[in-house]
Amino acid sequence: MARGKNFFPMQRGEKIALSVLIVFAAASFLPIARSVEVAGMLLFGWLMAALMLLSPILTLWVFWRGRPRN
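Here my numbering is used: the first residue of the sequence shown is 25, the next is one more, and so on.
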């Protein structure tokens with residue numbers, strides 16, 4: 025295996041989507057999200073629900089944009 029090569033190539037959009045999801049997930053687990061309550065539910069719960077909706081939508085959109093056109 026050549027030095028500096030990825031295991032598999034990633035397009036720019038896929039790298040950005042992965043980075044956004046990792047940052048969002050990391051921010052969701054910050055201690056501040058565990059003490060704030062919004063509409064009777066902890067902010068942590070709202071962020072996890074948003075992550076469950078955001079991650080598949082974002083990923084599918086990125087893959088759909090990157091597919092070859094016929």
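Note that beta-carbon positions come from the ideal geometry of N, C-alpha and C, so glycine has one too. Remember, it's a predicted structure, so these values are computed and weren't measured experimentally.
{"Item": "Here's a check: name, in chain order, each residue in its chain whose Cβ is nearer than 7 Å to the Cβ of R89, leaving out the five neighbours to either side.", "Value": "G37"}
{"Item": "Given that a residue counts as buried once 16 or more other Cβ atoms are within 10 Å of its Cβ, and exposed if not, what is A41?", "Value": "buried"}
{"Item": "Go through its chain and collect everything with a Cβ distance to V86's Cβ below 7 Å, but skip five positions before and after it.", "Value": "G37, E38 and A41"}
{"Item": "Start and end of the alpha helix (DSSP H) containing V86?", "Value": "L67 to G90"}
{"Item": "Give, in chain order, every unbroken run of the alpha helix (DSSP H) that is at least 4 residues long and sits entirely within the region 30-58.", "Value": "36-52"}
{"Item": "Hey, out of L71, F48 and L82, whose CA is closest to S59's CA?", "Value": "L71"}
{"Item": "CB-CB under 6 Å to Q35, same chain, minus the five flanking residues each way: which ones, in chain order?", "Value": "G90"}
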